[in-house]
Structure formats: structure tokens, C-alpha cells
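Peer 1: Submitted below is the structure of interest, expressed as C-alpha cells.
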DNA sequence: CCAGACGTTGTT
DNA sequence: GTCTGG
DNA sequence: CCAGACGTTGTT
DNA sequence: GTCTGG
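In the numbering used here, the protein residues as written are 7 to 353.
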């Protein structure tokens, strides 16, 4: 599947890769540790709207979320873009220890009383805990995705899975490229958005519910550099056969967890054993999509045009890119999208 | 047993 | 063609 | 995933 | 660390 999950951009229209500040918030009576998206291009840093957009989970659960919607996708990209910055808001010292409730970590807890979800950023591309070399970029095989049918028999994933290192990857959506004669047509694929949510988005402020983020099933692992240094958290996105509606685009898709119950079970490594959890990994039909410009193909392009619908067979019209508008422009583009059954028009 | 891989998608 | 960087 | 490189010696 | 191929 795609690499294609991008930052939302902040209030002022920046679309640079954001980083996070770690905070603990109370949601539905539970303490949830999360990372607040933080825009390095803004003098003040924080972005109220980005934070709301992160749509912090409301269920009191055990587990790890990876927030990709606004997350760092490529460590090296981020390191180059943000030299000298602290990228990993959740440090080893916080995650490795059990402390007071506010700082209790979910990771590797066996007991069932652990009741937090942690929202953190991880590096995409799972580095197995046994990896021996000193630099994770030396990993000579691709671990961005993990086939659901073989994940329990692969050395790179089996260990993490059996240890309960299951996570949920949050994103606005993902991209797939349809192979055609004469090129590749990218599509943006995402959860259907309710009218309720869209209306409230346009009102903004207190009523904000935001985009319904896609929730994908992932596996993570922790890796310690042999020469010492900070623990690195990495993850892979599980893939399944494409569901019927999107199979004309591509024959594979990420495993999507549709709804709080599926998410709850996937994250609850203490109560839901591996064998039960893997049953959650199925293709879903509850998904919509629209074609987008090949503008998205170039990684350096990060603007509303990446998600704006295009009409196929029509020559691209210059829009002036993402000079203004930021996240608002993006959501407004998506607002124009009819939510379902668009396949006939584009097929 | 040791040595060497450890992965996916897509394409053929 | 295949690997790396983003 | 796509885009772009794919190399060395020696010089600055 | 663990599995596969020889």
C-alpha cells in the first residue's frame, strides 16, 4: 500500500512535517497520554486545530496508537527538515517504567489493570528487536507492510505479535496507485464522513469533531541501538486483500479496524490473545475514495492538492498549490466529495 | 549441524 | 534492473 | 508508495 | 531471536 499519509498542516497553512509535545489528558474519565501535534514552522509552535483534529480516542483502553495523520513518516526526512529537534516525544525512560498513573506506560504490561491509551509517534518500517546493525536504515528488507496471512510465521513480526505489540495507525486516509497503460493513477481512500461531522467542521470551534480518521491495524517493535542510545519505536501496517469496491484500483489494502470495539480488542493485548486478535484483520467495505492528481506522487509536494478530487480524463488545471488555506483548504476540498458509490463515475 | 536470511508490492 | 532517500 | 540515483579520485 | 536451506 501507500506511503501516502501526510500531515494536515497547521492553522496558518504550513504543511511541514509536525512533531509532538507529550501531554496527559483526561478523556472519558481516563488518563490518556498523547502527543500534541506541533508545527515547527509556527513561531508559537502549537496548533489548536491540529490538536482537535487528532481526535483523541475516547475509549479507556490498553494499547498504543500511532498518530500518522499528523505524524512523522520518515525519520530521516524529519531529521533533515528539523535538525536538532527532539522528534520522539516519548522517551525510553518514560516508556520503560511503571510510575504514577499519569506516566504509566502501556508498553509490555502484563496485568489487566493497565487502562491507558498512548498516542505517540513511531517510525514507519518495523525494525525487529533482534536487528544487529548499528543503524536502522541498514535494514535490507522492506517492513512497511506485513501480510496478514503470513504475519504469524515471519521472523520479523512473529515475536512482536506474540508479545502483544499491536497498535493502531491513525491517518486521514491512504493512497493507492492504479496501474494503467500510460501511467499510474493515484486515489485517496478514506472512511465515509458523516454530514454531522462535516457541518461541525465548517462551524469550527467547540463543536469540532473533525475528520473521521482511518484506523489501521499495525504491529510495532522496540529496538535498541547496539551501541547504545535511545530506544526506537517502529511499526508496520498489516495488509489484506483489497475489498470489492477498491479492488479495481489495487489488489491489496491496509487492514482497517472499523469502530471502537474492533480497536479496543486489537489494542487490549492483556485480555485479547493473539489468536483472537488476528480475527479482526479482515478487509472492510466501509471505505470510500476519489482519484487525485499525480501531484501527490512527488514526496516534496505537500499541499491540499494531494487530496483534492480530480476528474479523470480531464486535463489538470493549475490551482496555485497550497500557498494559503492549510488544513481548511484540504477539508474543504474533501467536503466536495460525495461520500459513497463513486466507483461507477471513475471506473 | 551451520550459514544466512529475516519483506512487500508488482510483474512476469 | 535495483537500491536508496524521502 | 514514487523519484531518482546508480561512482571514484582528488581537490576545495 | 528464530526460521529456512543446504
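All residues carry an ideal CB built from backbone N, CA and C; glycine is no exception.
Restricting to Cα atoms, I'd like to know which of 179, 298, 284, 176 is closest to residue 315.
Peer 2: Residue 315 has its Cα closest to that of 298, out of 179, 298, 284, 176.
Peer 1: Using only the alpha-carbon positions, how far apart do residue 183 and residue 288 sit?
Peer 2: Distance between the alpha carbons of residue 183 and residue 288 is about 21 Å.
Peer 1: Here's the rule I'm using: 16 or more other beta-carbon atoms within 10 Å means buried, otherwise exposed. How should residue 198 be labelled?
Peer 2: Counting Cβ neighbours within 10 Å, residue 198 comes out exposed, since fewer than 16 surround it.
Peer 1: How many Å lie between residue 161 and residue 240 at the Cα?
Peer 2: About 16 Å.
Peer 1: Name the DSSP bridge partner or partners of residue 247?
Peer 2: According to DSSP, residue 247 bridges with 258.
Peer 1: How long is the line joining the alpha carbons of residue 282 and residue 168, rounded to whole angstroms?
Peer 2: When rounded, the distance between both Cα atoms is 12 Å.
Peer 1: Measuring alpha carbon to alpha carbon, tell me which residue in 175, 255, 227, 141 is nearest residue 294.
Peer 2: Ranking 175, 255, 227, 141 by Cα distance to residue 294 puts 255 first.
Peer 1: Give me the residue from 259, 165, 250 with the minimum Cα distance to residue 228.
Peer 2: Here the closest residue by C-alpha is 165.
Peer 1: Taking just the CA atoms, how far does residue 132 sit from residue 236?
Peer 2: Distance between the alpha carbons of residue 236 and residue 132 is about 16 Å.
Peer 1: Going by DSSP, what residue range makes up the alpha helix (DSSP H) through residue 270?
Peer 2: Residues 266 to 273.
Peer 1: Alpha carbon to alpha carbon, what distance is there between residue 142 and residue 250?
Peer 2: Looking at the two C-alpha atoms, the distance is approximately 37 Å.
Peer 1: Taking the C-alpha atoms as reference points, what is the distance between residue 270 and residue 188?
Peer 2: Answer to the nearest angstrom: the Cα atoms are 43 Å apart.
Peer 1: Which parts of the stretch 138 to 215 are runs of the alpha helix (DSSP H), unbroken and 4 residues or longer, counting only runs that do not cross its ends?
Peer 2: For the stretch 138 to 215, whole alpha helix (DSSP H) runs of length 4 or above, ordered along the chain, are 161 to 168, 201 to 209.
Peer 1: Are the beta-carbon atoms of residue 2 and residue 223 separated by less than 9 Å?
Peer 2: Nothing can be reported for residue 2: it is not among the residues displayed for the chain, which extend from 7 to 353.
Peer 1: Just the C-alpha distance for residue 285 and residue 157, rounded to the nearest angstrom, thanks.
Peer 2: Spanning the two alpha carbons is a distance of roughly 13 Å.
Peer 1: Are residue 242 and residue 176 closer than 9 Å when you measure CB to CB?
Peer 2: It is not a contact, given that the beta carbons lie outside the stated cut-off.
Peer 1: Check this for me: beta carbons of residue 261 and residue 244, under 9 Å apart or not?
Peer 2: Contact flag set, yes.
Peer 1: Inspect the beta-carbon positions of residue 259 and residue 180 and report whether they are closer than 9 Å.
Peer 2: Contact: yes.
Peer 1: How would you label residue 257, buried or exposed, when you count the other beta carbons within 10 angstroms and need 16 or more for buried?
Peer 2: When all chains shown are included, residue 257 counts as exposed.
Peer 1: Quick one: what's got a C-beta closer than 7 Å to residue 154's C-beta in the same chain, skipping five residues either side?
Peer 2: For residue 154, where only same-chain residues beyond five positions count, the Cβ hits under 7 Å are 244, 245, 246, 261, 287.
Peer 1: Which whole-angstrom value is the C-beta distance of residue 137 and residue 171, which I expect to be below 8 Å?
Peer 2: Rounded, the Cβ-Cβ distance is 15 Å, inconsistent with contact.
Peer 1: Please state if the CB of residue 302 and the CB of residue 178 are separated by a distance shorter than 9 Å.
Peer 2: For residue 178 and residue 302, no; Cβs fall outside 9 Å.
Peer 1: From 231, 265, 317, pick the residue whose C-alpha is nearest to that of residue 296; which is it?
Peer 2: When each option's Cα is compared against that of residue 296, the closest is 317.
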